[in-house]
Amino acid sequence: MSNLNEIRVKSFFDLKLKNSIKKGVFINAMYYCSKIQSITLIPLLKGRDIIYQSPSGTGKTTCYIIGTSNQLCQSINSPQCLILVPTRELSIQIRNVFNVLNIYTKNSITSCHGGRWLGEDLKNLKKNFHGIVGTPGRVLHLLQIGSLAITKIRTFVLDEADILMNKNFKIDIFNIYRYLNSKVQIIICSATIPLYTLQAASKFLLDPVMILMRKEEINIDKIKQFYISVFIEENKLLALLDIFETLLVGQVLIFCNTIRKANWIHNKLLANNFNVGLIHGRVIQKERTNIFKNFRDGKTRALVTTDVSSRGLNIPEVSLVINYDIPTFKDVYLHRIGRTGRFGRQGVAINFAKLRDLHNIKNLEVHFSITIEELVKF
7 MSNLNEIRVK SFFDLKLKNS IKKGVFINAM YYCSKIQSIT LIPLLKGRDI IYQSPSGTGK
67 TTCYIIGTSN QLCQSINSPQ CLILVPTREL SIQIRNVFNV LNIYTKNSIT SCHGGRWLGE
127 DLKNLKKNFH GIVGTPGRVL HLLQIGSLAI TKIRTFVLDE ADILMNKNFK IDIFNIYRYL
187 NSKVQIIICS ATIPLYTLQA ASKFLLDPVM ILMRKEEINI DKIKQFYISV FIEENKLLAL
247 LDIFETLLVG QVLIFCNTIR KANWIHNKLL ANNFNVGLIH GRVIQKERTN IFKNFRDGKT
307 RALVTTDVSS RGLNIPEVSL VINYDIPTFK DVYLHRIGRT GRFGRQGVAI NFAKLRDLHN
367 IKNLEVHFSI TIEELVKF
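The number in our numbering is simply the position in the sequence shown, starting from 1, with 6 added.
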C-alpha cells in the first residue's frame, strides 16, 4: 500500500478540476482544503484506489464527491459512479450534497434505498442518472432483478466502511462488487477504520493509497465531555428533564442503545410537553424523512435516536449530545459525540452513568486521552 501524506494541496483551485466543478465549490464558500482534503484529492483525482480515515465534519465526503463528479462523462447515459452507505438518511444526504456541488454541471445522481416502495427506484432508474447512492440491500436487489446496470461504473465508493464491512453488510458488498468491471476505481472512507475493515478491503483494492490517522489525531478537542452519576436507571429521566428545563439554545441528540428505550424516552418527553422527534430502524421511511427534516430545519428541538443517527448526520446546530445509555464500543462513542462540535464549533457531550458504567468512562478517557468530568449526581 502507498502512503502519500507528504503530497498536499492548499486550495481547491490548485487542483485540476473542471471549471463547472470549481464554480460549484466556490459558490458554496469552499476555498481552502481541510487536512484530509489536501492529502486525499490528488491521488483520488488520478484514479488511484484509496482508503482514508478522517473524523466526522472534516470534509471526507466532499473529497469523493468532488473526485467522482470531476470524472463523470455526460455523454454516457448510464451510471458511472456507485456510492454505498449504511443508512437511508445518509443516502439522501449525500445525494443532496452531490447536487449542491454539481449546481453548474449536468451531472445527475439518484438515491436507492430501502424503506420505500421499490417502484419509486425503478421509475428513477429509467432517467439515466450518472451516479447512484444507496444502501447495499436495495442496490443488490436492483442488480439481481436486472433493473440496475453498472457495467459503465468507473468509481465504487464505500462510505462509513467500518459499518459496511461488518457481518450485517459484508456479504452484500462482495456480491455487488462481482457485478463491477475490473477497471473500477475503489474509494473507501470512514471516521474509524478497524483492522477487520482493512482485511476485507484488501480483497479488492489494487495498490491503494492509504491515509490513516493515528488515534491521537482524531480530534475531539472541540467537544467538552461530562458524565452525570445516576444511582438507579429511573434517575436518568430526572436528569434528562432537568437538562431540558435549563437548556436555552441549540439542538440536542439523545442516544439510546435499544429501540424500546428510545420509544420510552420519546413518550416521556412528549408527556412533559417537550417538542422532540424519534428516529430508529422501525420508524417507516416517510416518517423518518419528515422527522429528520424538521430537526434539520430547527422545528424540533431534540431527537431521540439509536445508532442509526450516529453516522453522517450533518447538522451544525447540534450543540449537545446525550448518551442516555453509554455505548459498548469505543468507536460507537466517537461517532455519537461526533455529531456535535462540527465545522470548528464547540460542542458538549453528556453521559448518563450508573455505577457499573464508571469503568467504561475511565476506559474512554484512557483510550482517547481525554478527561470526562463529573457534573452532578442524581
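Ideal placement from N, C-alpha and C gives every residue a C-beta, glycine not left out.
None of the values given here were measured: they were computed from a predicted structure.
The beta carbon of T377 sits closer than 8 Å to those of Q231, E371, all from its chain and outside the five residues before and after it, given in chain order. Annotated as distal: Q86 and G30, with beta-carbon spacing of 8 Å or more. Close CB contacts of I265 within its chain, under the 8 Å cut and outside five residues either way in sequence, are with H286, G287, R288, T312 (chain order). For the region 60-136, the full-length alpha helix (DSSP H) segments reaching 4 residues or more read 66-77, 94-107, 124-131 along the chain. DSSP lists L90, I194 as the bridge partner or partners of L164. One alpha carbon belongs to D363, the other to I332, and they sit about 7 Å apart. Judged by DSSP in its simplified three-state form, Q43 adopts helix. DSSP places S325 in the strand class (E or B) of the three-state scheme. Pairing A277 with T306, the inter-Cα distance amounts to about 15 Å. For V236 against A308, the beta-carbon gap comes to about 19 Å, at or over 8 Å, which does not count as contact. Out of V338, D165, L149, V327, the CA that lies nearest to the CA of Y58 is found in D165. Counted as a single uninterrupted DSSP element, the stretch harbouring T334 is not any alpha helix (DSSP H), since DSSP gives it neither H nor E.
Around the Cβ of Y233, a 10 Å sphere holds 16 or more other Cβ atoms; the residue is buried. Within the same chain, Cβ atoms closer than 6 Å to the Cβ of A355 are found at I229, Q231, V327, I343, the five residues on either side in sequence being excluded.
The continuous stretches of alpha helix (DSSP H) do not include Q352, and DSSP gives it neither H nor E. Taking a cut-off of 8 Å for Cβ pairs, the region 65-82 and the region 143-153 do not touch, as fewer than three such pairs fall below it. Where Y202 is concerned, the enclosing alpha helix (DSSP H) starts and stops at 201-207. Residue state for N34 is assigned as coil, using DSSP reduced to three classes. Per the C-alpha coordinates, the member of Q352, D168, R14 positioned closest to L204 is D168.
With a cutoff of 8 Å on beta-carbon distance, C69 and I42 are scored as near each other. Residue nearest to N366 within the set T141, N329, L124, F384 is N329 (criterion: CA-CA distance).
Secondary structure note for L275: its alpha helix (DSSP H) is the uninterrupted segment 265-277. Inclusion of Y37 and S17 in the CB contact set at 8 Å is warranted, their separation being smaller than that value.
Residue state for N281 is assigned as coil, using DSSP reduced to three classes.
Using a 10 angstroms sphere on the CB of L244, the tally of other CB atoms stays under 16, which defines it as exposed. With fewer than 16 other beta carbons inside 10 angstroms of its own, E240 counts as exposed.
Within the same chain, Cβ atoms closer than 6 Å to the Cβ of N357 are found at Y233, N329, I332, the five residues on either side in sequence being excluded.
For V372, the enclosing alpha helix (DSSP H) stretches over residues 364-374. By the neighbour-count criterion, in which 16 or more other beta carbons inside 10 Å mark a residue as buried, V106 falls on the exposed side. At a Cβ-Cβ threshold of 8 Å, G140 and S196 do not count as neighbours.
DSSP, reduced to helix, strand and coil, places S188 outside both helices and strands of the structure shown, so it counts as coil. Taking C-alpha positions only, N296 is separated from P49 by approximately 38 Å. G143 and K267 have their C-alpha atoms some 27 Å from each other.
Less than 8 Å separates the beta-carbon of R94 from that of G121.
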